[in-house]
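Mind the numbering: the sequence shown is residues 1 to 239 in UniProt numbering, read in order. The beta-carbon is built from N, C-alpha and C at its ideal position, and this holds for glycine as well. Structure, as structure tokens:
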Amino acid sequence: MSAFSIEGLVGGYGAADHVVKGVDLQAAPGELVCIIGPNGAGKSTVLKLAAGLLSPKAGRVTVGETAIANASPQAVLAAGFVLVPQEKNVFGGLSVEENLAMGTHMRPALFKARRDAVFDRLPLLAARRRQLGKTLSGGQRQLLAMGIALMAEPKVLALDEPTAGLSPVAADGLFATIRGLASGDVAVVMVEQNALEALTIADRAYVLVDGRVAREGRASDIAADDDIRRLFLGGRKAA
Ligand SMILES: Nc1ncnc2c1ncn2[C@@H]1O[C@H](COP(=O)(O)OP(=O)(O)O)[C@@H](O)[C@H]1O
Ligand SMILES: [Mg+2]
1 MSAFSIEGLV
11 GGYGAADHVV
21 KGVDLQAAPG
31 ELVCIIGPNG
41 AGKSTVLKLA
51 AGLLSPKAGR
61 VTVGETAIAN
71 ASPQAVLAAG
81 FVLVPQEKNV
91 FGGLSVEENL
101 AMGTHMRPAL
111 FKARRDAVFD
121 RLPLLAARRR
131 QLGKTLSGGQ
141 RQLLAMGIAL
151 MAEPKVLALD
161 EPTAGLSPVA
171 ADGLFATIRG
181 LASGDVAVVM
191 VEQNALEALT
201 IADRAYVLVD
211 GRVAREGRAS
221 DIAADDDIRR
231 LFLGGRKAA
């Protein structure tokens, strides 16, 4: 059974309610799935519709057996889906540890155990626990945003362009961390502009074009496809 499933998803913003025009996507437990595609294709919108930040016009989104499309934020979280948005995903005026506490603010009794589990998985956060969010580097900030999300112990972690604006070295480090987060019963669904790099670490990929899935398959197959490389990867030849 899929950890995460999107079927026939349609939706958008107000009058522009067909930005996403019928998307199907699955992620199995432990799988790292990436969504690539041109700017404006609707990648972020798919994640926002799935997370209930936007109301789908049609379609079904499930985490395990639980339907989450149109559910309340609390219900989406309880089902095990957490979205890390592209921007404004940490509190600059709070310390690393206080930011993590925001991830369990509804259930403060869980804070210490979950914080320690996050520190185990993301040791850099432990080393900087008292540092303010706004003083972190871009890559460290993305790690913290993932740490906040992990405080909810999600089954499905959705990341919107986690490496946007990072140096290639910082992006590589973050990709390695993300690869490690997709394991056990946790699936990761990642939207990425750094398509070639994302395809290198992902298990499977979806190519979104104009609100529809134009291609899907094993990430290595998508990365090796000449049409895909010409259209989305700047024509770089397969290594
Ligand atoms: N808040 C919004 N209101 C109206 N249209 C939007 C909004 N955000 C994005 N769009 C439009 O939806 C389309 C898809 O956007 P988006 O999902 O952000 O694309 P991607 O993440 O693939 O770059 C674009 O045409 C964009 O202009
Ligand atoms: Mg986007």
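Per the Cβ contact rule, the segment 157 to 165 is in contact with the segment 175 to 186 (3 or more Cβ pairs under 8 angstroms). Short of 8 angstroms from the beta carbon of Ala-171, and not among the five residues preceding or following it, lie these beta carbons of its own chain, in chain order: Gly-139, Thr-163, Asn-194 and Glu-197. With 7 angstroms as the limit, the residues whose C-beta approaches any heavy atom of ligand 2 more closely are Lys-43, Ser-44, Gln-86, Asp-160, Glu-161 and Val-191, in sequence along the chain. In the three-state scheme derived from DSSP, where H, G and I count as helix and E and B as strand, Gln-86 is classed as coil.
At least 8 angstroms separates the beta-carbon of Leu-83 from that of Ala-41. Between ligand 1 and Asn-89, a heavy atom-to-CB distance of less than 7 angstroms is absent.
Tyr-206 has its CB no nearer than 7 angstroms to any heavy atom of ligand 1. The DSSP assignment places complete beta strand (DSSP E) segments of no fewer than 3 residues inside the segment 156 to 236 at 156 to 160, 187 to 191, 204 to 209 and 212 to 218, in order along the chain. Looking at the DSSP output, Val-23 bridges to Leu-9. Excluding five sequence positions before and after Arg-141, the CB atoms of its chain that fall closer than 6 angstroms to its own CB belong to Val-90, given in chain order. Between Phe-81 and Leu-49, the alpha-carbon positions lie close to 12 angstroms from each other.
Only exposed fits Ala-15, as fewer than 16 other CB atoms lie within 10 angstroms of its CB. In this structure, Ala-145 has its CB at a distance of at least 7 angstroms from all heavy atoms of ligand 1. Each residue's CA atom was taken as its position, placing Leu-100 and Val-63 some 23 angstroms apart.
For Glu-98, the CB contacts under 8 angstroms within the same chain, skipping 5 residues up- and downstream, are Phe-91 in chain order.
The three-state reading of DSSP puts Phe-91 in coil, since its state is none of H, G, I, E or B. Secondary structure at Arg-60: strand, using DSSP grouped into helix, strand and coil.
A distance criterion of 7 angstroms places the beta-carbon of Gly-217 beyond contact range of ligand 1, judged by its closest non-hydrogen atom.
Counting only the Cα atoms, Ala-79 lies some 6 angstroms from Thr-66.
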